[in-house]
Amino acid sequence: MGGAVVAGSPRIGILLSQVREEEKLLLAAFAKRGIEPVRLLDRTLTFELTALDQPPPLDLVLDRCMAHGRGAVALRVFGALGIPTINSIQSVAITDDKVATTLALAGAGVPTLRTAIAFDIDSALETLEWIGYPAVLKPVTGSWGRLLAKVNSPASARSLMEQKRKLGSFHHAVFYIQEYVEKPGRDLRIFVIGDEVVSASYRAAEHWVTNVARGAVSSPCPITPEIAGLSLNAARAVGAEIAGVDLIETAEGLKVIEVNGGAEFKGLMRTTDTDIAGAIANYAIARATMGNDRAELAAPAVNGAS
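For the sequence shown, the numbering used here begins at 24 and goes up steadily by one.
Here's what the structure looks like:
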(Lines of atoms letter the chains of each structure in order from A and count residues from 1; the text may use other names and numbers.)
(Lines give C-alpha, C1' and ligand atoms only; values in the text may rest on other atoms or scores of the structure.)
Protein backbone atom coordinates (compact mmCIF):
# COMPACT_ATOMS: atom_id res chain seq x y z
CA MET A 1 0.00 0.00 0.00
CA GLY A 2 3.05 2.27 -0.23
CA GLY A 3 4.42 4.89 2.14
CA ALA A 4 7.10 4.81 4.83
CA VAL A 5 7.27 5.08 8.59
CA VAL A 6 10.03 6.12 10.96
CA ALA A 7 11.57 3.17 12.81
CA GLY A 8 10.20 2.73 16.31
CA SER A 9 7.23 5.07 15.75
CA PRO A 10 3.58 4.05 15.55
CA ARG A 11 2.62 2.93 12.06
CA ILE A 12 -0.29 5.15 11.09
CA GLY A 13 -2.23 5.13 7.84
CA ILE A 14 -4.42 7.96 6.55
CA LEU A 15 -7.36 6.80 4.45
CA LEU A 16 -8.02 9.54 1.91
CA SER A 17 -9.57 10.33 -1.44
CA GLN A 18 -7.25 13.23 -2.25
CA VAL A 19 -4.74 15.38 -0.41
CA ARG A 20 -6.74 18.50 0.46
CA GLU A 21 -5.46 21.29 2.69
CA GLU A 22 -6.57 19.38 5.81
CA GLU A 23 -4.59 16.32 4.78
CA LYS A 24 -1.53 18.47 4.02
CA LEU A 25 -1.81 19.96 7.50
CA LEU A 26 -2.10 16.49 9.03
CA LEU A 27 0.87 15.13 7.09
CA ALA A 28 2.94 18.13 8.22
CA ALA A 29 1.81 17.66 11.83
CA PHE A 30 2.81 14.00 11.81
CA ALA A 31 6.14 14.88 10.17
CA LYS A 32 6.90 17.31 13.01
CA ARG A 33 6.40 14.37 15.35
CA GLY A 34 8.76 12.12 13.42
CA ILE A 35 6.08 10.07 11.69
CA GLU A 36 5.40 9.65 7.98
CA PRO A 37 1.91 8.14 7.66
CA VAL A 38 1.09 5.62 4.97
CA ARG A 39 -1.20 7.29 2.42
CA LEU A 40 -4.09 4.92 1.77
CA LEU A 41 -5.68 6.25 -1.41
CA ASP A 42 -9.19 4.83 -1.47
CA ARG A 43 -9.50 4.19 -5.20
CA THR A 44 -6.24 2.21 -5.38
CA LEU A 45 -6.70 0.04 -2.27
CA THR A 46 -7.12 -3.71 -2.66
CA PHE A 47 -7.86 -6.30 0.03
CA GLU A 48 -7.85 -10.08 -0.03
CA LEU A 49 -10.92 -10.79 2.08
CA THR A 50 -10.03 -14.45 2.57
CA ALA A 51 -6.62 -13.66 4.07
CA LEU A 52 -7.56 -11.89 7.29
CA ASP A 53 -4.58 -13.46 9.03
CA GLN A 54 -2.26 -11.25 6.95
CA PRO A 55 -3.01 -7.67 8.05
CA PRO A 56 -0.91 -4.79 6.69
CA PRO A 57 1.72 -3.43 9.12
CA LEU A 58 -0.40 -0.64 10.58
CA ASP A 59 -1.18 0.27 14.18
CA LEU A 60 -4.02 2.67 13.31
CA VAL A 61 -5.92 4.11 10.36
CA LEU A 62 -7.14 7.71 10.44
CA ASP A 63 -10.18 8.17 8.20
CA ARG A 64 -10.14 11.27 5.98
CA CYS A 65 -11.95 9.65 3.05
CA MET A 66 -14.39 11.81 1.08
CA ALA A 67 -16.01 8.88 -0.76
CA HIS A 68 -18.27 7.71 2.04
CA GLY A 69 -19.30 4.39 0.54
CA ARG A 70 -15.76 3.44 -0.39
CA GLY A 71 -14.44 4.63 2.95
CA ALA A 72 -17.00 2.69 4.96
CA VAL A 73 -16.09 -0.55 3.19
CA ALA A 74 -12.37 0.04 3.76
CA LEU A 75 -12.92 0.81 7.45
CA ARG A 76 -14.94 -2.38 7.83
CA VAL A 77 -12.10 -4.41 6.35
CA PHE A 78 -9.46 -2.70 8.50
CA GLY A 79 -11.60 -3.51 11.54
CA ALA A 80 -11.85 -7.15 10.49
CA LEU A 81 -8.06 -7.18 10.18
CA GLY A 82 -7.79 -6.02 13.79
CA ILE A 83 -6.52 -2.54 12.92
CA PRO A 84 -8.13 0.26 15.00
CA THR A 85 -9.63 3.13 13.02
CA ILE A 86 -10.60 6.70 13.86
CA ASN A 87 -13.48 6.89 13.62
CA SER A 88 -14.75 3.32 13.89
CA ILE A 89 -16.94 1.84 11.18
CA GLN A 90 -19.78 1.72 13.73
CA SER A 91 -19.51 5.47 14.29
CA VAL A 92 -19.11 6.28 10.59
CA ALA A 93 -22.24 4.27 9.79
CA ILE A 94 -24.12 6.58 12.15
CA THR A 95 -22.62 9.95 11.20
CA ASP A 96 -22.98 9.26 7.46
CA ASP A 97 -26.74 8.76 7.96
CA LYS A 98 -28.89 11.59 9.32
CA VAL A 99 -31.61 9.16 10.44
CA ALA A 100 -29.10 7.09 12.41
CA THR A 101 -27.55 10.25 13.87
CA THR A 102 -30.90 11.60 15.01
CA LEU A 103 -31.84 8.26 16.57
CA ALA A 104 -28.50 8.11 18.40
CA LEU A 105 -28.83 11.67 19.73
CA ALA A 106 -32.44 11.17 20.81
CA GLY A 107 -31.63 7.81 22.38
CA ALA A 108 -28.85 9.38 24.43
CA GLY A 109 -31.06 12.27 25.55
CA VAL A 110 -29.00 14.86 23.66
CA PRO A 111 -31.13 17.94 22.81
CA THR A 112 -31.70 18.09 19.07
CA LEU A 113 -34.22 19.57 16.66
CA ARG A 114 -37.66 18.02 16.22
CA THR A 115 -37.30 15.60 13.33
CA ALA A 116 -39.43 13.06 11.47
CA ILE A 117 -39.21 10.90 8.37
CA ALA A 118 -41.80 9.85 5.83
CA PHE A 119 -41.70 7.57 2.81
CA ASP A 120 -44.21 9.07 0.41
CA ILE A 121 -45.41 12.55 -0.42
CA ASP A 122 -48.84 12.36 1.22
CA SER A 123 -47.38 11.03 4.47
CA ALA A 124 -44.70 13.71 4.36
CA LEU A 125 -47.32 16.43 3.92
CA GLU A 126 -49.26 15.07 6.91
CA THR A 127 -46.03 15.08 8.91
CA LEU A 128 -45.31 18.67 7.93
CA GLU A 129 -48.67 19.73 9.34
CA TRP A 130 -47.63 18.80 12.86
CA ILE A 131 -43.95 19.74 12.44
CA GLY A 132 -45.18 23.13 11.26
CA TYR A 133 -44.18 25.52 8.50
CA PRO A 134 -41.61 26.60 7.61
CA ALA A 135 -39.69 23.33 7.83
CA VAL A 136 -36.48 21.95 6.38
CA LEU A 137 -36.14 18.96 4.06
CA LYS A 138 -32.74 17.28 4.01
CA PRO A 139 -31.24 14.30 2.22
CA VAL A 140 -30.53 11.36 4.51
CA THR A 141 -26.89 11.46 3.44
CA GLY A 142 -24.74 14.36 2.32
CA SER A 143 -22.60 17.21 3.57
CA TRP A 144 -21.52 20.82 2.95
CA GLY A 145 -25.11 22.01 3.23
CA ARG A 146 -26.06 20.57 -0.15
CA LEU A 147 -29.61 19.66 -1.20
CA LEU A 148 -31.18 21.33 1.84
CA ALA A 149 -34.48 23.09 1.23
CA LYS A 150 -36.78 25.23 3.34
CA VAL A 151 -40.47 24.78 2.56
CA ASN A 152 -42.97 27.44 3.59
CA SER A 153 -46.29 25.90 2.58
CA PRO A 154 -47.93 22.62 1.55
CA ALA A 155 -47.81 23.72 -2.09
CA SER A 156 -44.08 24.42 -2.05
CA ALA A 157 -43.44 21.20 -0.11
CA ARG A 158 -45.40 19.08 -2.59
CA SER A 159 -43.65 20.68 -5.56
CA LEU A 160 -40.22 20.07 -4.06
CA MET A 161 -40.95 16.49 -3.06
CA GLU A 162 -42.36 15.65 -6.48
CA GLN A 163 -39.10 16.89 -8.01
CA LYS A 164 -37.09 14.81 -5.54
CA ARG A 165 -39.16 11.72 -6.27
CA LYS A 166 -38.53 12.09 -10.01
CA LEU A 167 -34.78 12.07 -9.41
CA GLY A 168 -35.08 8.48 -8.22
CA SER A 169 -31.93 8.61 -6.09
CA PHE A 170 -31.56 6.95 -2.68
CA HIS A 171 -30.94 10.46 -1.32
CA HIS A 172 -34.53 11.32 -2.17
CA ALA A 173 -36.28 8.03 -1.33
CA VAL A 174 -36.82 9.08 2.29
CA PHE A 175 -38.18 12.48 3.29
CA TYR A 176 -36.17 13.68 6.30
CA ILE A 177 -38.14 16.55 7.81
CA GLN A 178 -36.82 18.89 10.49
CA GLU A 179 -38.31 21.86 12.28
CA TYR A 180 -37.04 25.24 11.13
CA VAL A 181 -35.62 27.41 13.88
CA GLU A 182 -35.19 31.16 13.59
CA LYS A 183 -31.60 31.67 14.66
CA PRO A 184 -29.60 34.86 15.25
CA GLY A 185 -27.99 34.67 11.81
CA ARG A 186 -25.45 32.10 12.95
CA ASP A 187 -24.82 28.62 14.26
CA LEU A 188 -21.85 27.03 16.02
CA ARG A 189 -19.22 24.54 14.85
CA ILE A 190 -17.46 22.72 17.68
CA PHE A 191 -14.45 20.44 17.16
CA VAL A 192 -14.12 17.47 19.49
CA ILE A 193 -11.04 15.26 19.82
CA GLY A 194 -11.25 12.43 22.32
CA ASP A 195 -12.67 13.81 25.54
CA GLU A 196 -11.87 17.45 24.82
CA VAL A 197 -13.41 20.31 22.91
CA VAL A 198 -10.40 21.89 21.22
CA SER A 199 -11.97 24.67 19.15
CA ALA A 200 -15.26 26.45 18.49
CA SER A 201 -16.53 29.06 16.07
CA TYR A 202 -19.65 30.95 15.10
CA ARG A 203 -20.70 30.65 11.45
CA ALA A 204 -22.72 33.64 10.28
CA ALA A 205 -24.53 34.19 6.99
CA GLU A 206 -27.44 36.13 5.57
CA HIS A 207 -28.78 32.88 4.12
CA TRP A 208 -30.48 30.45 6.51
CA VAL A 209 -27.86 27.78 5.64
CA THR A 210 -24.86 28.86 7.71
CA ASN A 211 -22.24 26.55 6.23
CA VAL A 212 -18.72 27.80 5.46
CA ALA A 213 -18.78 25.77 2.23
CA ARG A 214 -21.80 27.88 1.26
CA GLY A 215 -20.14 31.21 2.08
CA ALA A 216 -20.73 31.65 5.82
CA VAL A 217 -18.22 33.78 7.74
CA SER A 218 -16.47 32.18 10.70
CA SER A 219 -15.50 33.92 13.96
CA PRO A 220 -14.15 32.64 17.30
CA CYS A 221 -16.65 31.32 19.84
CA PRO A 222 -15.82 31.00 23.55
CA ILE A 223 -16.04 27.41 24.78
CA THR A 224 -18.51 27.56 27.65
CA PRO A 225 -19.29 24.61 29.94
CA GLU A 226 -22.67 24.27 28.20
CA ILE A 227 -21.09 24.16 24.74
CA ALA A 228 -18.40 21.71 25.84
CA GLY A 229 -20.79 19.39 27.66
CA LEU A 230 -23.35 19.27 24.86
CA SER A 231 -20.73 18.74 22.17
CA LEU A 232 -18.98 15.94 24.06
CA ASN A 233 -22.31 14.23 24.73
CA ALA A 234 -23.21 14.47 21.04
CA ALA A 235 -19.89 12.97 19.94
CA ARG A 236 -20.21 10.17 22.49
CA ALA A 237 -23.78 9.45 21.41
CA VAL A 238 -22.59 8.61 17.89
CA GLY A 239 -19.38 6.94 19.08
CA ALA A 240 -17.09 9.49 17.41
CA GLU A 241 -13.58 10.11 18.71
CA ILE A 242 -13.02 13.03 16.33
CA ALA A 243 -16.03 15.08 15.26
CA GLY A 244 -17.34 18.43 14.19
CA VAL A 245 -20.54 19.11 16.13
CA ASP A 246 -22.99 21.69 14.80
CA LEU A 247 -25.09 23.52 17.39
CA ILE A 248 -27.94 25.99 17.06
CA GLU A 249 -29.19 28.59 19.52
CA THR A 250 -32.92 28.19 20.22
CA ALA A 251 -35.41 29.63 22.70
CA GLU A 252 -34.98 26.42 24.74
CA GLY A 253 -31.18 26.64 24.70
CA LEU A 254 -28.50 25.07 22.56
CA LYS A 255 -29.44 22.05 20.45
CA VAL A 256 -27.45 19.75 18.19
CA ILE A 257 -28.09 20.01 14.45
CA GLU A 258 -25.76 17.21 13.39
CA VAL A 259 -22.43 15.49 14.05
CA ASN A 260 -19.81 15.25 11.31
CA GLY A 261 -17.31 12.43 11.65
CA GLY A 262 -14.98 13.60 8.87
CA ALA A 263 -15.26 17.32 9.45
CA GLU A 264 -13.05 19.80 7.63
CA PHE A 265 -11.05 22.06 9.92
CA LYS A 266 -8.75 24.37 7.94
CA GLY A 267 -11.10 27.35 8.33
CA LEU A 268 -11.57 26.66 12.02
CA MET A 269 -7.79 26.57 12.50
CA ARG A 270 -7.45 29.99 10.90
CA THR A 271 -10.38 31.48 12.76
CA THR A 272 -9.39 30.30 16.23
CA ASP A 273 -5.59 30.01 15.87
CA THR A 274 -5.85 26.47 17.18
CA ASP A 275 -3.56 23.73 15.89
CA ILE A 276 -6.30 21.19 15.24
CA ALA A 277 -4.07 19.15 12.92
CA GLY A 278 -1.47 18.90 15.67
CA ALA A 279 -4.09 17.88 18.22
CA ILE A 280 -5.39 15.17 15.87
CA ALA A 281 -1.85 13.91 15.30
CA ASN A 282 -1.16 13.79 19.04
CA TYR A 283 -4.40 11.93 19.68
CA ALA A 284 -3.81 9.46 16.84
CA ILE A 285 -0.27 8.72 18.03
CA ALA A 286 -1.50 8.13 21.58
CA ARG A 287 -4.36 6.00 20.26
CA ALA A 288 -2.03 3.94 18.07
CA THR A 289 -0.02 2.91 21.12
CA MET A 290 -3.17 1.79 22.94
CA GLY A 291 -4.58 -0.60 20.35
CA ASN A 292 -8.36 -0.82 20.51
CA ASP A 293 -8.63 1.27 23.69
CA ARG A 294 -9.57 4.93 23.31
CA ALA A 295 -6.95 7.49 24.24
CA GLU A 296 -8.07 9.13 27.46
CA LEU A 297 -7.18 12.68 26.49
CA ALA A 298 -6.67 14.73 23.38
CA ALA A 299 -3.38 16.57 23.12
CA PRO A 300 -2.88 19.34 25.69
CA ALA A 301 -1.93 22.90 24.77
CA VAL A 302 -3.37 22.90 21.27
CA ASN A 303 -3.77 26.68 20.93
CA GLY A 304 -1.03 27.66 18.52
CA ALA A 305 0.88 24.49 19.40
CA SER A 306 2.88 22.37 17.02
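Cβ atoms here follow ideal geometry from the backbone N, Cα and C, with glycine treated the same way.
Computed from a prediction, not measured in an experiment: that's the story for all the values here.
The three-state reading of DSSP puts P243 in strand, counting E and B together. For D76, no alpha helix (DSSP H) run applies, since DSSP gives it neither H nor E. When the alpha-carbon of T295 is set against those of P243, A52 and A131, the nearest one is in P243.
Between F288 and S176, the alpha-carbon positions lie close to 36 Å from each other. One Cα belongs to A307, the other to K161, and the distance between them is close to 33 Å. Ranked by Cα distance from P157, the options D145, Y203 and V163 are led by Y203. Within the same chain, and ignoring the five residues on either side of E272 in sequence, the residues whose Cβ sits closer than 7 Å to its Cβ are K206 and P207.
It is roughly 35 Å from the alpha-carbon of I35 to the alpha-carbon of G132. As computed with DSSP, I216 is found in a beta bridge with E219 and I265. At the C-beta level, V84 and F101 come within 8 Å of one another. Between I117 and V261, the gap from beta carbon to beta carbon is short of 8 Å. In the structure shown, Q41 falls within a coil segment according to DSSP collapsed to helix, strand and coil.
When C-beta atoms of the region 122-141 are compared with those of the region 249-268, three or more pairs fall below 8 Å, so the two segments count as touching. In this structure, M292 is the residue among S146, G217, M292 and V215 with its C-alpha nearest to the C-alpha of S241. About 6 Å separates the beta carbons of I303 and L49, which is inside the 8 Å limit, making them a contact pair. Residues I37, L39 and R87 of the same chain have their beta carbon placed closer than 7 Å to that of E46, with the five preceding and five following residues left out of the count. In this structure, S254 keeps its C-beta atom at 8 Å or more from the C-beta atom of V197.
S32 has its alpha-carbon roughly 37 Å from the corresponding atom of T164. Counting only unbroken stretches of 4 or more residues, the alpha helix (DSSP H) elements lying wholly within the region 94-140 are 112-118 and 121-130, in sequence order. When DSSP reads this structure, V84 sits in a beta bridge with G36 and T108.
Take the alpha-carbon of R66 and the one of P79: they are about 17 Å apart.
D269 counts as buried, since no fewer than 16 other beta carbons sit within 10 angstroms of its beta carbon. Within 10 angstroms of the beta-carbon of F53 lie 16 or more other beta-carbons, which makes it buried. Taking all protein chains in view, the Cβ of L190 is surrounded by fewer than 16 other Cβ atoms within 10 Å, so the residue is classified as exposed.
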